[in-house]
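Participant:
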Amino acid sequence: MAALLTIAEFQRHYNVSRSTVYRLRDKGSLTFVHIGRSVRIPREEAERWYDALLAGAND
(Lines of atoms letter the chains of each structure in order from A and count residues from 1; the text may use other names and numbers.)
(Lines give C-alpha, C1' and ligand atoms only; values in the text may rest on other atoms or scores of the structure.)
Protein backbone atom coordinates (compact mmCIF):
# COMPACT_ATOMS: atom_id res chain seq x y z
CA MET A 1 0.00 0.00 0.00
CA ALA A 2 1.29 3.44 -0.92
CA ALA A 3 2.15 5.91 1.81
CA LEU A 4 -0.17 8.89 1.94
CA LEU A 5 0.44 12.35 3.40
CA THR A 6 -2.18 14.63 4.85
CA ILE A 7 -2.27 18.22 3.64
CA ALA A 8 -0.76 19.31 6.99
CA GLU A 9 2.06 16.75 6.73
CA PHE A 10 2.85 17.91 3.19
CA GLN A 11 2.85 21.54 4.37
CA ARG A 12 5.27 20.83 7.22
CA HIS A 13 7.58 18.58 5.22
CA TYR A 14 7.91 20.91 2.22
CA ASN A 15 7.39 24.21 4.09
CA VAL A 16 4.53 25.45 1.93
CA SER A 17 1.22 27.09 2.80
CA ARG A 18 -2.18 25.42 2.52
CA SER A 19 -3.12 27.74 -0.35
CA THR A 20 0.06 26.70 -2.19
CA VAL A 21 -0.90 23.04 -1.84
CA TYR A 22 -4.30 23.71 -3.40
CA ARG A 23 -2.74 25.90 -6.09
CA LEU A 24 -0.40 23.03 -7.02
CA ARG A 25 -3.41 20.75 -7.30
CA ASP A 26 -5.31 23.24 -9.45
CA LYS A 27 -2.31 23.55 -11.80
CA GLY A 28 -2.06 19.77 -12.08
CA SER A 29 1.30 19.61 -10.29
CA LEU A 30 -0.10 17.45 -7.46
CA THR A 31 -2.74 14.76 -7.38
CA PHE A 32 -5.00 14.33 -4.37
CA VAL A 33 -6.57 11.07 -3.28
CA HIS A 34 -9.99 11.32 -1.63
CA ILE A 35 -10.79 8.72 1.01
CA GLY A 36 -14.26 9.46 2.27
CA ARG A 37 -14.07 13.09 3.38
CA SER A 38 -10.29 12.97 3.85
CA VAL A 39 -7.78 14.25 1.32
CA ARG A 40 -4.34 12.68 0.99
CA ILE A 41 -1.32 13.15 -1.24
CA PRO A 42 0.59 10.02 -2.30
CA ARG A 43 4.17 10.23 -1.01
CA GLU A 44 5.51 9.25 -4.45
CA GLU A 45 3.58 12.16 -5.96
CA ALA A 46 5.02 14.57 -3.38
CA GLU A 47 8.56 13.32 -4.02
CA ARG A 48 8.07 13.60 -7.80
CA TRP A 49 6.90 17.21 -7.39
CA TYR A 50 9.87 18.06 -5.15
CA ASP A 51 12.37 16.41 -7.52
CA ALA A 52 10.93 18.43 -10.41
CA LEU A 53 11.18 21.59 -8.31
CA LEU A 54 14.85 20.91 -7.57
CA ALA A 55 15.57 20.04 -11.21
CA GLY A 56 14.05 23.37 -12.26
CA ALA A 57 16.22 25.21 -9.75
CA ASN A 58 19.33 23.65 -11.27
CA ASP A 59 18.58 24.84 -14.82
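First residue of the sequence shown? That's 52 in the numbering used here, and the numbers climb one at a time after it. Glycine included, each C-beta is placed from N, C-alpha and C at the ideal position. Here the structure is a predicted model, which means the values were calculated and not measured.
1) Helix, strand or coil for S80, going by three-state DSSP, please let me know.
2) Return the chain-ordered list of same chain residues with a C-beta closer than 7 Å to the C-beta of R76, the five sequence neighbours on each side being excluded.
3) Could you please give me the residues that DSSP links to L56 through a beta bridge?
4) Run the CB neighbour count on I92, radius 10 Å, all protein chains shown included, and call it buried at 16 or more, exposed below.
Facilitator: Let's see:
1) Taking the first residue of the sequence shown as position 1, residue 80 is located at position 29. Shown here, S80 sits in coil according to DSSP, grouped into three states, outside any helix or strand.
2) One-based indexing of the sequence shown puts residue 76 at position 25. The answer, listed in chain order, is F83.
3) In the sequence shown, the residue the question calls residue 56 occupies position 5. According to DSSP, which records beta bridges pairwise, L56 is partnered with I92.
4) For the purposes of this step, residue 92 is identified with residue 41 of the sequence shown, where counting begins at 1. Burial call: buried.
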